Structures are given as C-alpha cells and as structure tokens.
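What follows is one structure encoded as structure tokens, with my remarks underneath.
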Amino acid sequence: MSDDKYRNLNILVIEDDADDYTFVCNELEKNGFESKTERILTREEMVATLNCKKIDIILSDYNLPRFSAPEALQTLKDSGLDIPFIVISGAVGEEEAVKVMKAGAHDYILKDSLVRLPEAIKRELNEAKIRRELRLKEIVLQESERQFRELLENIVMISAILDTSGKIEFCNNYLLKLIKKQSNEVIGANWFKLLVPESAQPLAKELFSLTITKDNLVPAFEYDIILAEKERHHIVWKYTLIRNKNGEITAVAYIGDDITESKRLERENHRVQEQIFNLNKTISLARLAVSTATKINDPLLVIKKNIAIISEHTKDKNIHSLLMKQRIAANTIAEAILELQDYAKLDLDKVESMESSQAIEQSLQLVEQLLKRDGIFLERDLRAKETWVSCNLVKFQQIIMNLFLFARDSLAGIANTQDVKKLIKIETDNHNDYLVININDNGLGLTQTELRQVFDPFFKPYPKSVGNGLWISKNVLQSWGGSIEVESAFNKGNRFTIKIACSDSKEKKEKIEKNTNINIFEFSVAEMGLDQLKGRVLLIDNDDYTREGISNYLGLMGLGVFEATGINDAIQKLKNDIYDFVIIDASTNKKNEDVLIGQIREFATPERSKIIEISDHIGSRIAIVDPVIQNKEGDRSNNKRADAYLGKPFNMAELVKIMSKLQNYIEQKSS
999 MSDDKYRNLN
1009 ILVIEDDADD
1019 YTFVCNELEK
1029 NGFESKTERI
1039 LTREEMVATL
1049 NCKKIDIILS
1059 DYNLPRFSAP
1069 EALQTLKDSG
1079 LDIPFIVISG
1089 AVGEEEAVKV
1099 MKAGAHDYIL
1109 KDSLVRLPEA
1119 IKRELNEAKI
1129 RRELRLKEIV
1139 LQESERQFRE
1149 LLENIVMISA
1159 ILDTSGKIEF
1169 CNNYLLKLIK
1179 KQSNEVIGAN
1189 WFKLLVPESA
1199 QPLAKELFSL
1209 TITKDNLVPA
1219 FEYDIILAEK
1229 ERHHIVWKYT
1239 LIRNKNGEIT
1249 AVAYIGDDIT
1259 ESKRLERENH
1269 RVQEQIFNLN
1279 KTISLARLAV
1289 STATKINDPL
1299 LVIKKNIAII
1309 SEHTKDKNIH
1319 SLLMKQRIAA
1329 NTIAEAILEL
1339 QDYAKLDLDK
1349 VESMESSQAI
1359 EQSLQLVEQL
1369 LKRDGIFLER
1379 DLRAKETWVS
1389 CNLVKFQQII
1399 MNLFLFARDS
1409 LAGIANTQDV
1419 KKLIKIETDN
1429 HNDYLVININ
1439 DNGLGLTQTE
1449 LRQVFDPFFK
1459 PYPKSVGNGL
1469 WISKNVLQSW
1479 GGSIEVESAF
1489 NKGNRFTIKI
1499 ACSDSKEKKE
1509 KIEKNTNINI
1519 FEFSVAEMGL
1529 DQLKGRVLLI
1539 DNDDYTREGI
1549 SNYLGLMGLG
1559 VFEATGINDA
1569 IQKLKNDIYD
1579 FVIIDASTNK
1589 KNEDVLIGQI
1599 REFATPERSK
1609 IIEISDHIGS
1619 RIAIVDPVIQ
1629 NKEGDRSNNK
1639 RADAYLGKPF
1649 NMAELVKIMS
1659 KLQNYIEQKS
1669 S
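Per the working numbering, residue 999 is the first one in the sequence shown, and the count goes up by one each step.
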C-alpha cells in the first residue's frame, strides 16, 4: 500500500486467542499496513491504553473470558473519544451482531472473512476523518456565533435575531431598555406582533419573507417599530443571514438605526426651505408690482393730460362723450395701479434688530442630526458676546444652513479614518462692530477655477450640491450691508467668513424692560422655572419689541413660539395649527376685549389651548379663572373669558407662574 495516511497506524486489538491475533496482524501486513498493534484482554488495560496512547482504530473479538465487545464499546463511549470500532468474531448469532451495531460498532466481520478487514479499516478511518472535520467546523461555527452575539449585545443600536417563523431568539439590552421590557417577556415572542405597528406589518412581513427565501435582496430597508409609551420610531434595518452547517437559513440577524430625529429634522429643513422659496416668490411678485405700476403710471399721466387738453379745445358733444369714457377707463387703470402699489408695500423683506446667538444655536440644532447621519462631527467655538444685528431671522438662519449644506457636500467624498475625521467647525466673534462667523470644513475643497465661480448662479462643484444657495446668500448679506468671503484649498477644505454690522439695541432693551418689569438680559431661565414648560405658544402683540423679547425667552428652553401682530394674523394661524397657549395683549386691536377673546375661542382648540390675556385694565395682579367654571356647559358668556389675566407692566415670573398652572391643568385633564 502506497498511501501514507495508512502508515504508522496504532491499532488496538482486543483478543484472547493468540492465533487469531496473529491472523489479524498477518492480514494487515499482507495488505501493506505498516502499523503498530497492541493486544489487550481486559477493560482496565483498555482504559489505561486509551489514556496514554493515541489509538487510530479498535478491533475487538465479541467474547473474551473477562471482557466482551459490547463492554469495550461502552468503555470507548465513556472515554469520549471518536475511534472506529470494528467487531471481529468467529461464531455469533445474528441477533447479537445487530445489537452491537445498533450500540455503535462501525462494522462486524467474521474471522473466516478477514479479507474484508483492510477495506473496512480504510473506510472507517476516512469516515472518522470526515467526522472530525465536521466537528471542527461546528466548533468554529459555534465560536463565530458566540462572538457575533456578543457583538450584537454590545452595539449601541437595535439588534435582534429572528428564527424563520419571526420569533425572537435574541435581542440586545439596548433594545430592551428602549421598549422597557425584560428578556423573558421578549424571547420567544413574535417580532411583528410585539413591536411593529399594525399599519407597517404587511410591509415588514413581506420584507422578512423575501429575506429568508431570496439571497439577492438589497440588505437595507425601512419600517417603523413601537418603543416605550407607544412612541413610533422610524428605523433603517440591515440584516445578515444565519445558516447551519448544511448551508440552510435558520435565522436572520437584524441591526436597526433609529433615524426618527433625522427624518424630523429633514422635514423641518424642507419646511424652512419651502418658506424661503415662498417668501422669495412673494418678494419677486411685489417687486414686479412696483416695476409694473411705475411703467404704467407715467404713460397714464400723459393720457390723462391729453384728455384734459382735448376737452378744453372741442365743443363736439360726441367727442366729449368719447373723452368721458376714456377718462373713466384711465381712472380704472389708476385704481389698479394703486392696488399694485399697496401690495408692494407689504413688508416681505422685513429687516429688524435681533440677537444673533440664539438664531445661530437654533440653526446648529437643526443641522447637527443631519451631520451625524453622514458621519460628520460638529465643533463649536462661539466667542461672540450678546450681539444684535439688523437682518431677517428666517433668511439669516437659511444662510447658515446653506453654508453647512455646502460643507457637508464637500465632505461627501471623504471617509472617516483613525487619523482623520470629517469635521465642520463654526466660529463666532466680535470684531470692529461686526459679527464675524467662520464655517470651516476639511473636505474636498475647490480648485482655483471653481473658487472663482463659487458665487455664480447655479454653480455646482459637488455631485449633491444644490445650485443658487451661495449666490442667494451673498445677495441677501449685501442687502443688509454685510459680506461673505471664501478661502479654499483643493483636497484640504473650505472656509467661509460672514460679516454683519452690529445694531444698536439700547432702545429695544429699554422698551422690553418697561413692558415686562424685569431686566430680561440678566434673566435666569432656571430660576424662573421656565425649563419645566413645554408645548407651542401663539404670541399676539402689535409691539415688535415686547413681542420679540417675550418670544426669545419663551423659546430658550424649547417652547415653540409663533408670533402674530394682529387678530387677523392670529386667526389664520389658529386655523392651521394647534397651540397649547395663546397669549394676547388686549391693546393689540381697538376691539372690545370680550370680542377679541370670543374670536380666538372660535378657532382655538378648547381641550388644549389656554388663553392668557395681558391688559392695562387689570392692574399689577394675576387672575386665573377656575377651569371648572370656565368649561361649564350652557354658559355662553364663558366663551368671552380668557383662562388667565395678567396686568401690565408684568414680571416674567408672573407669566411663567400662570403658564405652569394652566399646563398642569391640561396634563391632568389629558391623563
């Protein structure tokens, strides 16, 4: 025999007959087995041999005086070793032979048929090798699965393993904390019934079915799940298939990235972009109205003058009749021009003095989640002290957004590494009566050719760029007397510098302090308890300074504040949205206070919106109407009452006290 794998075999022979042992050895030698054989007679000898020597195969007689093949087979099982076991016997009944094979013997050969022995040994050695390889693969697979589960357990994302029926085999502690459940409440439960909203279940089940039946599905999709307090969260799912040693799919491991906040910010950004677009469109129409009115007005004056001259120099009644009709037509055109001019007077490009730091912070909160989703780090260095600038708030924030989006696009082609991370840094400072804002990125940068075109309309240096953003930003800043500059180095990044002149805010400070009875610029939000408030506020006041001052501080801790300058503006907002508080200065309109409140109640949501009236007639005191009386059925006069009254001049602490009490009532009623 030339095959090296059958050389130097250690063969253990359990045989009490020396002649039979010799016959076995001769048969092996005749067939080329270069083996070391050892003969034993008892169980004790077998145990000792297995403990100290490596045995490749065991050949056992069925019956010995003090031992037997079934006993030897059991001894081998007790050792935990996987060694081929072949029974060699002279005369044993068929029943005994079947029993020993069922017990685990690998073959049974009669002593008068030893010619079969060499091939049987080769076969069993090969099968033993295959079994060892399979066991090794299974050990590696188990270790790999253990490491995989450990990875899922420690990842700061949602992770779970579902079997092919959709039952949960595993979920990490991160998910358990989000859904506020124990492991024994989750393991074995159906994933779709436990976590997926009913409306999202058809899609989720279809994607799961495709996952376990097809291997070519793109491994990323989205659907919602329900976390604690029935909060619905939008998740991006990625998966990997788990297979057994035969390659069959036995489970699916999911990793979920919660993008709920990113989606909300995207919607908010889209809303702001839409507002800017509509604002610019309205401004364009207003400017067109001015231009059209001017162009029509001059020739119309000539026509009117000519009509007057002709009337003076003719006595023909028919001509006078025609001139009269011409005069009426000219007057109609003149009225249309006046309407166009009135429309153009709308303050669509309103510029006013505003404190810049809060506007910048609000913009950063909006972009920060978007940047995180793209793996971009945001660094702040906001050194500018309280700085008032003359500009339009919405457009100011949009300029900041435009520059951040440009920086994000510059970083789109860069990958985070251990040495370099994608970074956008914003710096603010005061310099020579100017607010200076720098926005830097370490992205792709611009070539010198691109740098010269950066403020051109429709310029798009990066694949994802949106045209016109920088061009519009530059024009708007210049209209405020500001400027924007850019420095760039190819493959090193960009640096944008904005400068806006500071405005005098002394008058604003004095007027706000007069109406609110406190120094609002030293106002501590935490001391006033404002950090406990939440919800949406509609603030109705025709005094720009007072309205803006209150709005700034109600917005500091996350209250959504929406402003209205008059009752008509307020009613339009009440028709479109729901507010938790409606704060109105009674002097906003000349109407009777009861009429004002009645109009508001007609459109406000009664179960949620609480009305606070500020009035000169109340005096320096707080008055809160009993909610039980306020909501008493059948009393129509209640529709003209506010939920609370506050005298002017008032202290911000008084306003906070009223809002806190009304908020507690709303929460108690909803629970």
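Quick reminder that beta carbons are idealized off the backbone N, C-alpha and C, glycines included. Treat the numbers as computed from the prediction; the structure is a model and nothing was measured.
- Note that the C-beta distance between Gly-1443 and Asn-1414 is not below 8 Å.
- Between Arg-1534 and Val-1300, the alpha-carbon positions lie close to 55 Å from each other.
- In this structure, Thr-1426 lies near Arg-1381, with their beta-carbon atoms less than 8 Å apart.
- Going by DSSP, Tyr-1221 is part of no alpha helix (DSSP H) but of the beta strand (DSSP E) stretching over 1219–1224.
- Annotation: Gly-1245 is outside any beta strand (DSSP E) and is labelled neither H nor E by DSSP.
- DSSP places Asp-1105 in the uninterrupted beta strand (DSSP E) bounded by 1105–1108.
- Residue state for Ile-1084 is assigned as strand, using DSSP reduced to three classes.
- In terms of Cβ geometry, Gly-1467 and Ala-1499 do not form a close pair [threshold 8 Å].
- A buried status is given to Leu-1071, since no fewer than 16 other beta-carbon atoms sit within 10 Å of its beta-carbon.
- Rounded to the nearest angstrom, the Cβ distance from Asn-1473 to Val-1484 is 15 Å, too far for a contact under 8 Å.
- If you look at Ala-1584, you'll find it isn't in any beta strand (DSSP E); DSSP assigns it neither H nor E.
- By the neighbour-count criterion, in which 16 or more other beta carbons inside 10 Å mark a residue as buried, Leu-1660 falls on the buried side.
- Cα atoms of Ala-1095 and Leu-1123: separation of roughly 21 Å, rounded to the nearest angstrom.
- His-1311 sits exposed, since fewer than 16 C-beta atoms from the chains shown fall within 10 Å of its C-beta.
- Ile-1374 is a Cβ neighbour of Ile-1422, given a cutoff of 8 Å.
- In its chain, beyond the 5 residues on either side, Lys-1109, Leu-1112 have a beta carbon closer than 8 Å to the beta carbon of Phe-1021.
- Of all C-beta pairs linking the segment 1068–1085 to the segment 1050–1058, three or more are shorter than 8 Å, placing the two stretches in contact.
- Here Cys-1169 has Ala-1158, Val-1184 as same chain residues with Cβ atoms under 6 Å from its own Cβ, once five neighbours each way along the sequence are excluded.
- In this chain, the alpha helix (DSSP H) harbouring Glu-1092 covers 1092–1101.
- Looking at the backbone, the Cα of Asp-1567 and that of Ile-1576 are separated by about 15 Å.
- With a cut-off of 8 Å on Cβ pairs, the segment 1448–1457 is not in contact with the segment 1390–1401, counting fewer than three such pairs.
- When only Cα atoms are considered, Asn-1430 and Glu-1652 end up about 39 Å apart.
- In the three-state reduction of the DSSP assignment, Asn-1400 falls in the helix class.
- Assignment of His-1311 by DSSP, reduced to helix, strand and coil, places it in the coil class.
- Contact check between the segment 1043–1055 and the segment 1007–1019: three or more CB pairs, one atom from each, fall below 8 Å, which counts as touching.
- The DSSP-derived three-state label of Trp-1478 is coil.
- A straight-line Cα-Cα distance of about 13 Å links Leu-1362 and Arg-1406.
- Under a 10 Å Cβ-count criterion, Ile-1253 is classified as buried, with 16 or more other Cβ atoms of the shown protein chains found around its own Cβ.
- By the neighbour-count criterion, in which 16 or more other beta carbons inside 10 Å mark a residue as buried, Val-1418 falls on the exposed side.
- The alpha-carbon separation between Ser-1066 and Thr-1073 amounts to approximately 11 Å.
- Under the three-state reduction of DSSP, Leu-1531 is assigned to coil, being neither helix nor strand.
- Using a Cβ-Cβ distance cut-off of 8 Å, the segment 1194–1201 and the segment 1161–1179 are not in contact, since fewer than three pairs of beta carbons, one from each stretch, lie closer than that value.
- For Asn-1008, there is no enclosing alpha helix (DSSP H); the enclosing beta strand (DSSP E) covers residues 1008–1012.
- For the 8 Å CB-CB criterion, Asp-1583 and Ile-1538 form a contact.
- Here Gly-1441 is buried. Its C-beta has 16 or more other C-beta atoms within 10 Å.
- Cβ atoms of Thr-1209 and Val-1250 come within 8 Å of each other, at about 6 Å.
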